[in-house]
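Taken in sequence, the protein lines are chains A and B.
Numbered by the numbering used here, the letters in the first sequence go through residues -11 to 284 in order.
Numbered by the numbering used here, the letters in the second sequence go through residues 195 to 326 in order.
Just so it is clear, CB atoms sit at the ideal spot from N, CA and C, and this is done for glycine as well.
As the structure is a prediction and not an experimental result, all values here were calculated from the model.
Below: the structure, in structure tokens.
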Amino acid sequence: MAKARALDKRRKSIRNIRKITRTMELIATARFKKAMDRASAATAYTKRITQLVADLANSGLTVSHPLLEARPETRRAALMVLTANRGLCGGYNSAVLRQALARLEELRAASLQNLRIEVSGKRGIAGFKFKKIEIDESYTRFDDQPKYEEIELIANRLLNSYITGELDRLDIAYTRFVSSSRQIAVVETLLPLSSLTSDEGKAAAEKKGESMYEFVPSAASILEEVVPTSFKVKLFKCFLDAAVSEQIARMVAMKSATENASEMIKQLSMTYNRARQSQITGEIMEIIGGVEALKG
Amino acid sequence: MAQLSCIVVTPENVALETEADFVALPLFDGEIGIAPDHSPMIGRLGYGEMRIRNAGNESRFYVDGGFVQVANNVVSVLTGRALASKSVDPTAAQKSLDSALKKPIHTAELLAIRDREIQQARAQMRVASRSR
């Protein structure tokens, strides 16, 4: 009986695990929907900013701003890494960390003395600790719903240090949300800003014509404000993308864990039944043997 | 008479979408009033109070910089934050004003940064004191 019972015990514990993973999948699904709603609510702002930049370009203004120009030499760089606070989400954290470490090597190879590392998410912090790389700043308060207010503070600090020359370059490693079935870990350079508009906005910005707008106080003054704003929005979008991608990654990981558990239960049931059957057969054989012995 | 429709968008969401008879906005260098059939314009917002008048009711919001775009009787306000004036916290504003005043200003950039923070904090305090 011993073997069959042990198998049954294992099957029970796997059932419990399956229950947990299934619940986690459901939670991740709910959170994903919420995060997705937030991300799509944010596109209203991005679209309008893009439109505004297009209107500015139409007015014949040449777009130039200190934030858009690369420094002649980059001495002080910063790398920001966005990971999750929690694990159990497949390769989500490790993919971001791998990208980040590769970029870190690159930056180090370019002989930068001052490299600032900022990490968001407990997993990333733990990862850097494991590699024995010191972190200058860490955040753990960003979960599935990052607040613009909090990110604006970080953005302002980075902007200020860029403007005052304490920072020449800012890279960010995060998971970009392409579609709900595709997210990729990437490293992007946020400062200096490569372009004001996202890729979708470029087509709109290209058509030239007379602008019907009056600019108050002046187009140049508006540009002065648009550039930092678009940086903040870009940074915010990185956080939102990371949050959405995290939930998707967890959803997928937990889904496959649940499926694996079901598969395992199936196999264990089969072995359990077989063990039970052979045990019963053995017992019957014993009884028959006993009867035969009494006859004789 | 034509009516304005006023849309306030923050990076997080669409904060407000309403009809309006008149909208007053804090621009970068003064206040602007927008009535229906205003000519198309794009303006840079400062820190201060936005007032929306609709059928005799006036609602007040604190806006945190950004832009305003007026076209075809649609006023779109793009701002980092839009708070009802009542929920502006004067003590937090005082605190950020105090910390801004202590900042070093030995370069022009640092001075500009400090000035912006001071303006922001003072505007918040002003809005808070008026709505009380």
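Stretch-stretch touch, CB-based, cutoff 8 Å, three pairs: the stretch 226 to 237 of chain A with the stretch 115 to 134 of chain A:
yes
Look up Ala45 of chain A in the DSSP assignment and say whether it is helix, strand or coil.
In the displayed model, Ala45 of chain A falls within a helix according to three-state DSSP.
Buried or exposed: Leu85 of chain A, going by 16 or more other Cβ atoms within 10 Å of its Cβ?
Buried, because 16 or more other Cβ atoms sit within 10 Å of the Cβ of Leu85 of chain A.
Quick check: does the Cβ of Pro180 of chain A come within less than 6 Å of any heavy atom belonging to the ligand FAD?
Questions concerning the ligand FAD fall outside what the structure shown contains, since it holds no ligand whatsoever.
Excluding the 5 residues flanking Ala196 of chain B on each side, which residues of the same chain have their C-beta closer than 8 Å to its C-beta?
Pro230, Asp231 and Asn267
Going by C-alpha to C-alpha distance, which of B:Ala278, B:Gly274 and B:Arg324 sits closest to Asn207 of chain B?
Checking every option, the nearest Cα to that of Asn207 of chain B belongs to B:Gly274.
If you reduce the DSSP assignment to three classes, tell me which class Asp258 of chain B lands in.
strand
Within this structure, are the beta carbons of Val269 of chain B and Cys200 of chain B separated by less than 7 Å?
yes
Just the C-alpha distance for Phe255 of chain B and Leu277 of chain B, rounded to the nearest angstrom, thanks.
5 Å
Identify every run of the alpha helix (DSSP H) within the stretch 68 to 118 of chain A, keeping only runs that are complete inside it and at least 4 residues long; order them along the chain.
80 to 97 and 110 to 118
Three-state secondary structure (DSSP) at Gly284 of chain A?
coil
May I ask you to report which of helix, strand or coil DSSP gives Glu211 of chain B?
strand
DSSP state of Val282 of chain B, grouped into three classes?
coil
Hey, does Ala192 of chain A have any beta-carbon neighbour from chain B nearer than 7 Å?
Per-residue confidence for Ala192 of chain A stands at a pLDDT of 45, beneath the threshold of 50, marking its modelled position as unreliable; no derived number is given.
Checking the sheet assignment: what are the DSSP bridge partners for Ser199 of chain B?
B:Glu213 and B:Val268
Kindly list, in the order they appear in chain B, the residues whose Cβ is closer than 9 Å to that of Thr152 of chain A.
Thr301, Glu303, Leu304 and Ile307
Assign Thr11 of chain A to one of two classes, buried (16 or more other C-beta atoms within 10 Å of its C-beta) or exposed (fewer than that).
exposed
Can you tell me whether Met239 of chain A is helix, strand or coil according to DSSP?
helix
What does Asp223 of chain B reach in chain A if we use C-beta pairs closer than 8 Å?
Pro205
For Arg264 of chain A, which residues in the same chain have their Cβ closer than 8 Å to its Cβ, ignoring the five residues on either side in sequence?
Ala(-8)
Val203 of chain B versus chain A: which residues are under 7 Å apart at the beta carbon?
Ala32, Tyr33 and Arg36
Can you look up Ser293 of chain B in the DSSP assignment and give me helix, strand or coil?
helix
Over what stretch of residues does the alpha helix (DSSP H) that includes Tyr150 of chain A continue unbroken?
Tyr136 to Ile151
Give the DSSP bridge partners of Ala66 of chain A, in chain order.
The partner list for Ala66 of chain A (beta bridge, DSSP) reads A:Arg104 and A:Leu158.
Leaving out five residues on either side along the sequence, give the residues of the same chain with a beta carbon under 8 Å from the beta carbon of Ile275 of chain A.
Setting aside the 5 residues that flank it on each side, Ile275 of chain A has no residue in the same chain whose C-beta is closer than 8 Å to its C-beta.
Rounded to a whole number of angstroms, what is the C-alpha to C-alpha distance between Ala208 of chain A and Ile139 of chain A?
26 Å
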